[in-house]
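Contents: one structure, followed by commentary.
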Amino acid sequence: MDEQATKEIILPFYIHRLLFMLLVLMTVLMLILNLRNIKYDKYLASGSESKWRSYPTPKSYSTMRQKVGTRKLPWTHRLLQCGYQNHSFTPEERSEGTFLMKMIEWPKPPSPAVPFQKSSDPAHVRFVILNSTKTFYVGDQLQVMLQMIDFEGHPKQYGGDYLQGWIHTVDLKAGSAGTVVDNQNGFYYINFNLSWPGKVEVSVSLVHPSEGIQVLERLRKERPDRVYFKSAFKYRGASETTVCNLCLPQTKPLCNFTDLRTGEPWFCYKPKKLPCSARINHSKGGYEKGILTGEEMRYFQSEVNIKRPILPSSTSYITVEPLPRAATALGECARGKPMLSPSGFYYKDQWMSTTCNNRRFDTPARITDCLRRKNIYLFGDSTVRQWFEYLTEFIPGLKIFNLGNPKNIGPHLAVDLENNIMVEYRPHGPPIRFNTVSSQDLHYVANELDEIKGGKDTVIAITLWSHFSTFPVEVYIRRLQNIRRSILQLLGRNPDTVIVMKTANVQALPGEVSLYNSDWYSYQHDLVMRKMFTGINVAFVDAWEMTIAHYLPHNLHPERIIIKNEIDMFLSYVCPSRKR
Numbered sequence: 000m001d002e003q004a005t006k007e008i009i010l011p012f013y014i015h016r017l018l019f020m021l022l023v024l025m026t027v028l029m030l031i032l033n034l035r036n037i038k039y040d041k042y043l044a045s046g047s048e049s050k051w052r053s054y055p056t057p058k059s060y061s062t063m064r065q066k067v068g069t070r071k072l073p074w075t076h077r078l079l080q081c082g083y084q085n086h087s088f089t090p091e092e093r094s095e096g097t098f099l100m101k102m103i104e105w106p107k108p109p110s111p112a113v114p115f116q117k118s119s120d121p122a123h124v125r126f127v128i129l130n131s132t133k134t135f136y137v138g139d140q141l142q143v144m145l146q147m148i149d150f151e152g153h154p155k156q157y158g159g160d161y162l163q164g165w166i167h168t169v170d171l172k173a174g175s176a177g178t179v180v181d182n183q184n185g186f187y188y189i190n191f192n193l194s195w196p197g198k199v200e201v202s203v204s205l206v207h208p209s210e211g212i213q214v215l216e217r218l219r220k221e222r223p224d225r226v227y228f229k230s231a232f233k234y235r236g237a238s239e240t241t242v243c244n245l246c247l248p249q250t251k252p253l254c255n256f257t258d259l260r261t262g263e264p265w266f267c268y269k270p271k272k273l274p275c276s277a278r279i280n281h282s283k284g285g286y287e288k289g290i291l292t293g294e295e296m297r298y299f300q301s302e303v304n305i306k307r308p309i310l311p312s313s314t315s316y317i318t319v320e321p322l323p324r325a326a327t328a329l330g331e332c333a334r335g336k337p338m339l340s341p342s343g344f345y346y347k348d349q350w351m352s353t354t355c356n357n358r359r360f361d362t363p364a365r366i367t368d369c370l371r372r373k374n375i376y377l378f379g380d381s382t383v384r385q386w387f388e389y390l391t392e393f394i395p396g397l398k399i400f401n402l403g404n405p406k407n408i409g410p411h412l413a414v415d416l417e418n419n420i421m422v423e424y425r426p427h428g429p430p431i432r433f434n435t436v437s438s439q440d441l442h443y444v445a446n447e448l449d450e451i452k453g454g455k456d457t458v459i460a461i462t463l464w465s466h467f468s469t470f471p472v473e474v475y476i477r478r479l480q481n482i483r484r485s486i487l488q489l490l491g492r493n494p495d496t497v498i499v500m501k502t503a504n505v506q507a508l509p510g511e512v513s514l515y516n517s518d519w520y521s522y523q524h525d526l527v528m529r530k531m532f533t534g535i536n537v538a539f540v541d542a543w544e545m546t547i548a549h550y551l552p553h554n555l556h557p558e559r560i561i562i563k564n565e566i567d568m569f570l571s572y573v574c575p576s577r578k579r
């Protein structure tokens, strides 16, 4: 056989063999990808899909990141930097953390160093009501649009500004929050549901420019120490005080107060002479100053670009006609339902849920009837302590049992012996910015839940947000994972246990407050919490929308009328019908 004939036989053989091997390789790769997708889809399907819009990363930033490199550390890496070495994460928890971190990614300016003059200037932005000449009816949607302008008067070409919008009718004491859509090209749309008839006015404000949010993100990652804490140590007449925190640099010996059950870390610098076991309390130390560099301070000016109103281009209101047909009746308030947005609206100063027929508890007798023979546990920060204060002030028969703790700190206990009612408030574990609380009184919520038997006469409310704003969001995710695990175990023991999650609320942001406690931090925590508890048999009190939609000024501790509406919503899950 000559050489040419040999080539004609062997060459097609090798070509076919190569094609076959490529086909096998592609099939294997497809199987691997399908298996990965199936696993991920199974995780996502464990709860109802979130209704909250995530912000995709701008193309310019994606391209820049690809040039630098695609290697990315797992979300647990930052936890290891903050003392979470003893934690073990399930594969589901690792996947969830990755998903949540991606979900809350915020659009970034095209350059990390944008001159102040090219940042967002709300004073020269105007919003316009789309289709303002049409006839609107109750139940319709209203949309407004705006284009962000910089201080030089030029339209901005990228998004990432944090806006809040709401509609209201002053005479009716009516209001509702809007949903902001960022087109990531300088244009923003805000959607509103029209829920009552009459003259309805639109209000929009810039909470933070995108350039300011860049700074907030940097501080959250690089300066978790910007709020620091202290603990006193006392033994045999001697006393010392040292600095404490989560991500505490090991510049000197540490006392390790990591919780043995949850693995939640906490550290203090070791006293020079006293043992770590001599720790007696926990307190807020203070706020680090001088944490901004260059022009960064200019992005945090109260009268310029923090919670600054945006004016309308012409009219700021529309007229809404009554609905020609009767509205659809809502059922009783039940746990486990997904939270919609808007979740409700105010009408004549009363919160009207859009998901269920929430009740009014306008008299002490109604609340007493609802809580008779029940144990109520309130866990969290001072915004849920306001619920304890409201209940004990409003119900004459509910008497505070003096535990000797300061009023604005707790823990607190109140009882109504005649009606067999117990209400307990307990602050969540560190980090918590209270003046001084006994270290023996600082319990982690997950541990408290593990000690509760549960049942139909057990009611639990939990809120967790404000005191985590200065820390990496990974810390917040991990805390909620621990709490959720305990909630699921409790519901496994006694499914009739009523558990209610109270969301964050908006607040005033004067001066440098936003560097430590911004609405943007709270908003991100709120997105995470809502997603993590979707599909679980708990209820939500949407304090976020209830504070945005109300006519009163934003306040870290909302006024009494807002608390009253929060309590009404809370008790509507405890006693959804008059029969209970």
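Counting with numbering that gives the first Met the number 0, you get residues 0 to 579 for the letters of the sequence shown.
We put the CB at the ideal spot given by N, CA and C, even for glycine.
What is the C-beta distance between residue 113 and residue 309, in whole angstroms, given that I count them as a contact (C-beta under 8 Å)? Locating residue 113 in the sequence shown gives position 114, where the first residue counts as 1. Locating residue 309 in the sequence shown gives position 310, where the first residue counts as 1. About 20 Å; that fails the 8 Å criterion.
So, are the CB atoms of residue 451 and residue 461 less than 9 Å apart? What you label residue 451 is simply residue 452 of the sequence shown in a count that begins at 1. What you label residue 461 is simply residue 462 of the sequence shown in a count that begins at 1. Result no, Cβ atoms of residue 451 and residue 461 do not sit closer than 9 Å.
8 Å contact criterion, which residue 366 and residue 399 should meet: CB distance rounded: For this step, residue 366 is matched to residue 367 along the sequence shown. For this step, residue 399 is matched to residue 400 along the sequence shown. In fact, because the Cβ distance is near 16 Å, the residues do not count as touching under 8 Å.
Residue 513 and residue 164: beta carbons closer than 9 Å? Locating residue 513 in the sequence shown gives position 514, where the first residue counts as 1. Locating residue 164 in the sequence shown gives position 165, where the first residue counts as 1. For residue 513 and residue 164, no; Cβs fall outside 9 Å.
Would you kindly work out how many angstroms separate the C-alpha atoms of residue 567 and residue 383, rounded to a whole number? Position 568 of the sequence shown holds residue 567. Position 384 of the sequence shown holds residue 383. If you take the alpha carbons of residue 567 and residue 383, they lie about 14 Å apart.
Counting C-beta neighbours from all protein chains within 10 Å, is the total for residue 432 16 or more, i.e. buried, or is it exposed? Taking the sequence shown and counting its residues from 1, the one referred to as residue 432 is at position 433. Burial state of residue 432 is buried, judged by a 10 Å Cβ sphere holding 16 or more other Cβ atoms.
Whole-angstrom distance between residue 430 and residue 242, CA atom to CA atom: As a working note, residue 242 is residue 243 in the sequence shown. As a working note, residue 430 is residue 431 in the sequence shown. Between residue 242 and residue 430, the C-alpha separation is close to 13 Å.
Since residue 488 is in the alpha helix (DSSP H), which residue starts that stretch and which ends it? Within the sequence shown, the letter at position 489 stands for residue 488. First-last of the alpha helix (DSSP H) with residue 488: 472-492.
Would residue 428 and residue 412 qualify as a contact pair, given that the criterion is a beta-carbon distance under 9 Å? Here residue 428 refers to the residue found at position 429 of the sequence shown. Here residue 412 refers to the residue found at position 413 of the sequence shown. At least 9 Å separates the beta-carbon of residue 428 from that of residue 412.
Just verifying my parser: in three-state terms, what is the DSSP assignment at residue 122? Working through the sequence shown from its first residue, we reach residue 122 at position 123. The DSSP-derived three-state label of residue 122 is helix.
Over what stretch of residues does the beta strand (DSSP E) that includes residue 211 continue unbroken? Within the sequence shown, the letter at position 212 stands for residue 211. No beta strand (DSSP E) contains residue 211, which is instead part of the alpha helix (DSSP H) from 209-221.
Can you grab the Cα-Cα spacing for the pair residue 238 / residue 369, in whole Å? Looking up residue 238 in the sequence shown gives position 239. Looking up residue 369 in the sequence shown gives position 370. Looking at the two C-alpha atoms, the distance is approximately 48 Å.
Considering only residues of the region 504-543, which uninterrupted alpha helix (DSSP H) runs meet the minimum length of 4 residues and lie entirely inside it, listed in chain order? The qualifying runs are 513-516, 518-531.
Check whether the Cβ atoms of residue 565 and residue 542 sit closer than 9 Å, and answer yes or no. Here residue 565 is taken as the residue at index 566 of the sequence shown, counted from 1. Here residue 542 is taken as the residue at index 543 of the sequence shown, counted from 1. Taking 9 Å as the cut-off, the beta carbon of residue 565 is found closer than this to the beta carbon of residue 542.
For the alpha helix (DSSP H) containing residue 96, name the first residue and the last one. Here residue 96 corresponds to residue number 97 of the sequence shown, with the count starting at 1. Segment 90-102, the alpha helix (DSSP H) holding residue 96.
Go ahead and label residue 53 buried or exposed: buried means 16 or more other beta carbons lie within 10 angstroms of its beta carbon, across all protein chains shown. Numbered from its first residue, the sequence shown carries residue 53 at position 54. Residue placement at residue 53 is flagged as unreliable, the pLDDT there being 31, under the threshold of 50; the coordinate-derived value follows with that caveat. By the 10 Å Cβ count, residue 53 comes out exposed.
Under three-state DSSP, which class holds residue 176? Start at 1 with the first residue of the sequence shown, and residue 176 comes out as number 177. It is a strand residue.
Determine, using beta carbons only, whether residue 213 and residue 111 come nearer to each other than 9 Å. Translated into the one-based positions of the sequence shown, residue 213 becomes position 214. Translated into the one-based positions of the sequence shown, residue 111 becomes position 112. With respect to the 9 Å criterion, residue 213 and residue 111 are classified as neighbours on the basis of their beta carbons.
Kindly list the residues whose CB is nearer than 6 Å to the CB of residue 453, restricted to its own chain and excluding five residues on each side of it in sequence; keep chain order. As a working mapping, residue 453 is identified with position 454 in the sequence shown. For residue 453, same chain residues with a beta-carbon under 6 Å away, outside a window of 5 residues either side, are 489, 492, 493, 496 in chain order.
When DSSP labels each residue in this structure, what does residue 188 get in the three-state scheme? As a working note, residue 188 is residue 189 in the sequence shown. Strand, per DSSP.
With a floor of 4 residues, list each alpha helix (DSSP H) that falls wholly inside the region 341-408, ordered by position along the chain. If you keep only unbroken alpha helix (DSSP H) runs of at least 4 residues inside the region 341-408, you get 363-370, 381-393.
Roughly how many whole angstroms lie between the Cα atoms of residue 473 and residue 480? Your numbering for residue 473 matches position 474 in the sequence shown. Your numbering for residue 480 matches position 481 in the sequence shown. Using only the alpha carbons, I get a separation of about 11 Å.
Just mark residue 133 as buried or exposed, buried being the case when its beta carbon has 16 or more other beta carbons within 10 Å. Counted from its first residue, the sequence shown places residue 133 at position 134. That one is exposed.
Take residue 287 and list the residues in its own chain whose beta-carbon comes closer than 8 Å to its own, dropping the five residues that flank it on each side. Within the sequence shown, the letter at position 288 stands for residue 287. Excluding five sequence positions before and after residue 287, the CB atoms of its chain that fall closer than 8 Å to its own CB belong to 222, 224, 225, 226, 227, given in chain order.
Residue from 231, 169, 171, 129 with nearest C-alpha to residue 187: Here residue 187 refers to the residue found at position 188 of the sequence shown. Looking at the Cα atoms, 129 is the closest of the given residues.
Short check: CB of residue 117 to CB of residue 150, under 9 Å? In the sequence shown, counting from the first residue as 1, residue 117 sits at position 118. In the sequence shown, counting from the first residue as 1, residue 150 sits at position 151. For residue 117 and residue 150, yes; Cβs fall inside 9 Å.
Measure the beta-carbon distance from residue 264 to residue 82 and round it to whole angstroms, keeping in mind my assumption that it falls under 8 Å. Position 265 of the sequence shown, counting from 1, holds the residue named residue 264. Position 83 of the sequence shown, counting from 1, holds the residue named residue 82. Rounded, the Cβ-Cβ distance is 3 Å, consistent with contact.
So, are the CB atoms of residue 468 and residue 524 less than 9 Å apart? Here the question's residue 468 lines up with position 469 in the sequence shown. Here the question's residue 524 lines up with position 525 in the sequence shown. A contact, by the Cβ cut-off of 9 Å.
If I measure Cβ to Cβ from residue 546 and keep anything under 7 Å in the same chain, skipping five residues before and after, which residues do I get? Taking the sequence shown and counting its residues from 1, the one referred to as residue 546 is at position 547. Only 504, 505, 553, 557, 561 meet the Cβ criterion.
Where residue 217 and residue 313 are concerned, what is the direct C-alpha to C-alpha distance, given to the nearest angstrom? Taking the sequence shown and counting its residues from 1, the one referred to as residue 217 is at position 218. Taking the sequence shown and counting its residues from 1, the one referred to as residue 313 is at position 314. Cα atoms of residue 217 and residue 313: separation of roughly 38 Å, rounded to the nearest angstrom.
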